[in-house]
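Below is one structure, written out as structure tokens, with a few remarks after it.
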Amino acid sequence: MEKLKRYAVFLIGLFINSLGVSLITKADLGTSPISSIPYVLSLNFPLTLGQFTIAFSLLLILIQLAILRRNFKAEHLLQIPISILFGYFIDLTMELLFFIHPQTYMASVIYLLIGCVILGFGVYTEVLANVAMLPGESFVRAVSSTWKTEFGSTKVAFDVSLAVIAGILSLLFARRLDGIREGTIIAALLVGFIARLFGRKLACQMHSIKLRNS
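For what it's worth, this note's numbering labels the leading residue of the sequence shown as 423, then goes sequentially.
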């Protein structure tokens, strides 16, 4: 029963995560680093952001298999249905946010910041559930565990690499930087900080509740 509750929390976090990604994207100042390559591809080819997200996630899983080899466990395969669900969630939330078309730069910034808060909370919720990881985080874990690098530094390098590759693809296909803007950098800097902030705040609240009940 406890495991079922944790999976339910994870699925809620996954949906919140997709909502944050979609709102950041709708802000039209770029998108989150993990979605940058799928977003650039969706701007240049007739597939949706969610569909390219699924394809990119499956690619990351294959690379994990190559990196981990014998250490690739059956539980890693759980990333496949999670990736598919996440992709569908992204397309769903993009449709739900159809009415968002910021007309001013300030409106774009506001939507971007709200999206970062939502995404940060989604990331925290997924970590809280502690049952599975999205392919992006699992890829970073595979790299850091195989080559003994620090997870946080590896995550930063991974995000920067994704943004750079997305920028190159945009220049290649559209002859301009399309889909990679200041919002990508802001999201990269803010989302992890916000997720940790939620973790600290809720941990303090839980501690206070325990003290009052003791």
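Ideal Cβ placement from N, Cα and C applies to all residues, glycine included.
For clarity, every value in this text was computed on a predicted model and none was experimentally measured.
For residue i and residue j, I'd like the C-alpha separation in whole angstroms.
| i | j | result |
| --- | --- | --- |
| N439 | E604 | 20 Å |
| F595 | F474 | 16 Å |
| R428 | A554 | 10 Å |
| P503 | L436 | 12 Å |
| F543 | S592 | 29 Å |
| E548 | T576 | 20 Å |
| H629 | G442 | Unreliable positioning characterises H629 in this predicted model, as indicated by a pLDDT of 49, which lies under 50. A coordinate reading is not provided. |
| G621 | Y546 | 7 Å |
| L619 | G452 | 24 Å |
| V562 | L514 | 27 Å |
| V578 | R491 | 24 Å |
| F521 | L541 | 19 Å |
| L426 | R598 | 47 Å |
| L535 | F573 | 25 Å |
| F508 | I434 | 11 Å |
| N493 | A564 | 9 Å |
| A496 | I616 | 32 Å |
| I459 | I607 | 14 Å |
| I550 | V613 | Before going further, note that residue 550 is Leu rather than Ile in the sequence given. The alpha-carbon atoms of L550 and V613 are separated by roughly 16 Å. |
Does DSSP put residue i in a helix, in a strand, or in coil?
| i | result |
| --- | --- |
| I602 | coil |
| M555 | coil |
| H629 | The predicted position of H629 is uncertain, since its pLDDT is 49 and thus under 50; no value can be drawn from it. |
| G542 | helix |
| A588 | helix |
| F523 | Here the sequence assigns His to residue 523, which means Phe is not the residue at that position. Residue state, collapsed to three classes: coil. |
| R492 | helix |
| R563 | helix |
| E503 | Inspection of the sequence shows that residue 503 is occupied by Pro rather than by Glu. Three-state result, P503: helix. |
| T447 | helix |
| F573 | helix |
| P460 | helix |
| F467 | coil |
| R428 | helix |
| T547 | helix |
| L433 | helix |
Please classify residue i: is it buried, with 16 or more other beta-carbons within 10 angstroms of its beta-carbon, or exposed?
| i | result |
| --- | --- |
| A488 | exposed |
| M423 | exposed |
| A430 | exposed |
| E559 | buried |
| L624 | exposed |
| M516 | buried |
| Y527 | exposed |
| P468 | exposed |
| G589 | buried |
| F432 | buried |
| T568 | exposed |
Near residue i, what residues of its chain come up, given a Cβ to Cβ distance below 6 Å and the 5 sequence neighbours on each side ignored?
| i | result |
| --- | --- |
| A610 | P455, D581 |
| L500 | A554 |
I'd like to know if residue i contacts chain C, where contact means its C-beta is closer than 9 Å to some C-beta of that chain.
| i | result |
| --- | --- |
| L619 | Absence of chain C from the displayed structure is noted, only one protein chain being present. |
Using C-beta distances below 8 Å, list every residue in its chain close to residue i, excluding the 5 sequence neighbours before and after it, in chain order.
| i | result |
| --- | --- |
| S505 | T475, I476, S479, L480, I483, L556, P557 |
For residue i, which residues of its own chain have a beta-carbon under 7 Å away from its beta-carbon, when the five flanking residues on both sides are left out?
| i | result |
| --- | --- |
| P524 | A449, D450, S530, Y533 |
| Y510 | G472 |
| L519 | S444, L445, K448 |
(message) Under 8 Å, with one C-beta from each stretch per pair, do the stretch 568-586 and the stretch 599-616 reach the 3-pair mark?
(response) Between the stretch 568-586 and the stretch 599-616, the count of Cβ pairs shorter than 8 Å is three or higher; the stretches touch.
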